[in-house]
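Shown next, in C-alpha cells, is the structure this report addresses.
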Amino acid sequence: MPNMEFQLGLALPTPSIIKGFDLNNLGLDHPKDMGGLEARNKPARCFSDKSKRSFEQAFGNFEAECKTKTLLLLWSGQPNEEEDHNDQKKRTFSTIDDRNDAEEVDQVVGWPPIKTWRKKIFQQQQQQHRVGRIGNNRVADKENGSRSIYVKVKMEGVAITRKVDIRLYRSYQTLTNSLITLFAKYKKCADDDYTRYILTYQDKEGDWLIAGDIPWQSFIRSVQRLKIVRNWG
Amino acid sequence: MQKKRAYSFPDEVLEHVFSFIQSGKDRNAVSMVCKSWYEIERWCRRKVFIGNCYAVSPKMVIKRFPEVRSIELKGKPHFADFNLVPDGWGGYVLPWIVEMAGAYPWLEEIRLKRMVVTDESLELIAKSFKNFKVLVLFSCEGFSTDGLAAIAAGCKNLRELDLRESEVDDLSGHWLTHFPETCTSLVSLNISCLGSDEVSFSALERLVGRCPNLRSLRLNRAVSLDKIANILCLAPQLVDFGTGNYTTELQPDVLSNLTAAFSSCKELKSLSGFWDVVPAYLPALYPVCSRLTSLNLSYATIHSPEIIKLVSHCPSLQRLLVLDYIEDSGLEALASSCKDLQELRVFPSDPFGVEPNVSLTEKGLVSVSLGCPKLQSVLYFCRQMTNAALVTIAQNCPNFTRFRLCIIEPKTADYLTREPLDVGFGAIVEHCKDLRRLSLSGLLTDRVFEYIGTYAKKLEMLSVAFAGDSDLGLHHVLSGCESLRKLEIRDCPFGDKAILANAAKLETMRSLWMSSCTVSFGACKLLGQKMHRLNVEVIDETEPPCSRPESCPVDKLYVYRSISGPRSDMPPFVWTMDEEGTILH
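Keeping their order, the protein sequence lines are chains A and B. Residues 1 to 233, numbered by UniProt numbering, are exactly what the first sequence covers, in order. Residues 1 to 585, numbered by UniProt numbering, are exactly what the second sequence covers, in order.
Right, dumping it as C-alpha cells:
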C-alpha cells in the first residue's frame, strides 16, 4: 500500500535524495540542501540609506527667500499628546530624502498582500504626488483637472509625514485650518501657548518659500510639498 | 426492476423532505445514508458548489446531478490575488459552460470566483439558458464589455449582474444600452470595477428607473457626484448603494440636492464607492447614517477627523472597511460609537513607503477589541505589533472567526520586547475556539505553528509568509489542524519532510500552495507518483524543473485533490507529476 510509506518512521523505497522521515529526528537534521534559502527568504527590498538633508540647510534656504508677508499659524493651548513611538525622536530633524520619493523601492512580489486592483488605485494616487527634482510628475493634473494633487506635509519635530490633497481646499485659510486639525495633537508641551508656526512650501524650482504670497491658484500649481516650521523670529 | 425498500416512503416524500435541506454539506451527508437516498438526493439537488474547478470535471458533475439550477465555481488559488500565480495558469470557465449548455437548459445562476471568463463564454450563457437570472463574476478576468452586452441583450429575466473586483476590458460604456426596454427585473447591479469614463449614463438612468425591485446598485468611479442625486431619486428603495467618485466642483446646490436624495432612501443600509472624496459633501450622508450597517470607505483618502465625524453618526454599523488614515484615534472613536461592529478591515494607504505615514499602531486594534464585543472578523494592516497587544485582543474577542494581521515589513518582531510574535498568535488560536481563518505575519518561529496545531481545531484556512524555522513548523499544522482545508505558504523554510510525512492529510484538504519554499522537485515527483487523487503541479516560469537536479527546490507548488486526474489545459510553465512518474506538460 503506497500510503504506508508516508507514515511515521518508515523509510521511502526509492533511492531518492529524500531521507527517511523519522519524527524523532525532527529539527535535528541540518537542512543541508537549503543552501540558497537564506538569500531567498530575505525580502528583496533594500533599505536605501537615508542621507538626511539637514534641516538647517533647508531652513537656511528658506530664510534667504523670506518674503515680508507671512502666514502665521497660532496654536492655542492643547493638551499634550504623548509620542507614539520612542524612535520618533531619532528622526526629529530630518527631512525625507528626495531620492526616496523618486526611486522605486525594491519590492517583494505580492507583498504586502494587497489585491492588484487596490494597488492600481494606490499607484494612481501615488503618481499624483510623486515629486522629483526636475520635471515633476504631475501628469494626472493635466489629464483631468479635477484629479487630486497630493503633497506631503511635514511639521517640524513630528516624525509622521502627512499627505493632503490640495484640490480639496479653496484658500490658504481652509488649508491652514485643516492642517491645524491634523497636526494639533503634536504640539509639544514645551512650547508656550503662543508659539508661532509658519507654513512654508517648496516650489517647482526646489526653493522653499513662505506660503501666502502668491494667489491661491498659482500656489496650487506650484507647490511640491509643505512644511510647518517654528517661527523663531 | 423495483428494489424492495426497507420502508415505504414514496420517493416524492423523501424529495419533499430533502428540499428543506439547503446546505451542500448536509446534502452530501444525506446522500451517503444509503443508495436509494443517494439516488433521490442527486435528482433533486438544485445547487452545486465546486471550490476548485479542477477537482472534478463538468461531465462528472452533470452525470451525478442532472437537474442543477445554480452553480458556483472557483478557479485560481487565493494567492493569485497578489500576482503569485502567473497569467495563463488556468481556471477557464468555457469548458463548463459548453457542457452545461447542453445538460442544464434551465440553469438560472452562475457564480464564479477567480476564473477566466471570455466573451465567448458570456455569449454562450446568453444564448443557452432561457431562464438565466444571476451572474456573479467575482475577481474574474478575460472578458470585455462586448460580452456584457450579450448578457444584457440575451437574458430576458436577468436579476443580478455583479462584476465585483473583476478586470473587464472596457471597450465602451454603450453595453448598457443593450438592456431591452422590456427588462424590468434587475435586483442587483454591480459595475464598480469598470474603468470606462463613458458609462452610458442616460441608459443607466433609464434602466434604474424601470426596475422597481432594484435593491443593490454599485456604480463605477466615472460617475460623478452630481449625477448621484438623480439616480437615488429614481431608486429610493435601494438597500445597498455604491457611489462613483465623490467629488465635483463646489457648487451651492449639490450638497442640498444630495442630502435630499439620500433622505429619500429609507431602506439604505450599505454604502461603498467614495473615490476622490471631498469632505464637504460627507454631511449629505447623515440622513442615512443611523441605519447604516455596512460602510466601505477603503478608497476614500479622507483623514482621521473626517472619518471620526462620519462614523460617530453610525451607531448601527456592523461592517467597516477603511484606510489606515483612520489612525488609532479614529479606531478609538469607532470603538465608542459602534457597539455592533462585527467586521473591520483596515487597509494601508502607503503600503510601499518605508516610513509610516499615519499614526496607526497595535493600539487602534486593541481599542476596537475592547469596545466592540461582537467583533468577529478582522483584516488589519499595520507596521508594529506586540505580543501583549495580541494577547489582550485575543482575550477581549474570543468570538473571532477570521483574523488576518499583516505587519507590513516581513519578520517584524514585537517592538517592545524584540521577541517573535509566537505567543501573541498563540493566544489568538487558544482563546478563539471558533477561528476559521487566520493569516500570520511578523517574526515567527516554529513555536507559533505548534500553538496552531494544538489549538486551532476549527481552522479551515491558514496563510503564512516569511515565517518558521524548519519542517517541524509545517508538520505541526498538517498533523494538528483537523479542519484544515486550504493552506497557502510563501517564503518559508518548509521542505520535503513535512509534506511527505503528511501526504495523506493533503487528500483531506482542498489545496496546498507553497512558493519560494524548499520543497524539492524529487519530493514533488514522489508525491504525485504515490498519491493518485492529488494533482501535484509544479509552476516555474524561468526553466523546466527537470533541467535541474532533483534536489533543487521548486519555485511554486500547488497541490490539490481531484477525482478527474491531471488537467489538460496546462500552460508551458506548469508541470504535473503523474502516477507513472512521468511529467505531464
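C-beta atoms are modelled at their ideal positions from N, C-alpha and C, and glycine is treated no differently. Quick caveat, the model's predicted, so the values are computed rather than measured.
Using a C-beta cut-off of 8 Å, the region 201-217 of chain B makes contact with the region 174-182 of chain B, since at least three inter-stretch Cβ pairs fall below that distance. The distance from the Cβ of L148 of chain B to that of L122 of chain B is about 7 Å, consistent with a contact at the 8 Å cut-off. Y286 of chain B has a beta carbon lying at 8 Å or more from every beta carbon in chain A. By the rule that beta-carbons nearer than 8 Å mark a contact, R196 of chain A does not touch chain B. In the structure shown, the three-state DSSP call for L360 of chain B is coil.
Using a 10 angstroms sphere on the CB of H476 of chain B, the tally of other CB atoms reaches 16 or more, which defines it as buried. Rounded to whole angstroms, L334 of chain B and E343 of chain B show a C-alpha spacing of 12 Å. Here E141 of chain B is bridged, per DSSP, to B:V116 and B:E167. From the listed residues B:E482, B:E488, B:E165 and B:D491, the smallest Cα separation to A504 of chain B is found for B:E482. Contact annotation: in the region 295-311 of chain B, residues whose CB is within less than 7 Å of a CB in chain A are Y299, T301, H303 and P305. Cβ-Cβ separation between E550 of chain B and F521 of chain B: approximately 5 Å, consistent with a contact (criterion under 8 Å). Pairwise C-beta distances place the region 390-407 of chain B out of contact with the region 199-207 of chain A, as fewer than three of them are shorter than 8 Å.
Here F381 of chain B is bridged, per DSSP, to B:C406. Apart from the 5 residues on each side of it in sequence, L405 of chain B sits with its Cβ closer than 6 Å to the Cβ of Y380 and S441 in its chain, given in chain order. The alpha-carbon separation between V199 of chain B and I499 of chain B amounts to approximately 50 Å. In the three-state scheme derived from DSSP, where H, G and I count as helix and E and B as strand, W96 of chain B is classed as helix. Residue-level contact check: S377 of chain B does not touch chain A, since none of the beta carbons of chain A fall below 8 Å from its beta carbon. Judged by pairs of C-beta atoms under 8 Å, the region 142-159 of chain B touches the region 113-121 of chain B, as three or more such pairs exist. Judged by pairs of C-beta atoms under 8 Å, the region 281-291 of chain B does not touch the region 233-240 of chain B, as fewer than three such pairs exist.
Looking from the CA of S564 of chain B, the closest CA among B:V30, B:E99, B:A55 and B:L94 belongs to B:A55. For C53 of chain B against G24 of chain B, the beta-carbon gap comes to about 16 Å, at or over 8 Å, which does not count as contact. Straight across, the Cα-Cα distance linking R436 of chain B with L478 of chain B is about 15 Å. Interface residue (Cβ-Cβ distance to chain A less than 8 Å): N357 of chain B is classified as such.
Contact with chain B is found for V109 of chain A, since one of that chain's Cβ atoms lies less than 8 Å from the residue's Cβ. In this structure, L258 of chain B lies away from S298 of chain B, with their beta-carbon atoms at least 8 Å apart.
If you check each beta-carbon in the UniProt domain "PB1" (148-233) of chain A against every beta-carbon of chain B, the ones closer than 9 Å belong to S148, Y150, K152, A159, I160, T161, R162, K163, V164, D165, R167, L168, R170, S178, T181, L182 and K185. Taking CB atoms only, D81 of chain B has a neighbour in chain A less than 8 Å away. Residue burial is scored here from C-beta neighbours: N296 of chain B has at least 16 other C-beta atoms within 10 angstroms and is therefore classed as buried. Put simply, the backbone Cα of F122 of chain A is about 24 Å away from that of V464 of chain B.
N387 of chain B is positioned such that its CB atom lies no closer than 8 Å to that of V346 of chain B.
Spanning the alpha carbons of T518 of chain B and K63 of chain B requires a straight line of approximately 41 Å. A direct Cα-to-Cα measurement between R490 of chain B and M514 of chain B gives close to 6 Å. If you check the CB distance, R319 of chain B and S349 of chain B do not come in under 8 Å. One finds V109 and G110 in chain A with Cβ atoms closer than 8 Å to the Cβ of L84 of chain B, taken in chain order.
At a C-beta separation below 8 Å, A465 of chain B has these neighbours in chain A: W111 and P113.
Between Y560 of chain B and S511 of chain B, the gap from beta carbon to beta carbon is short of 8 Å.
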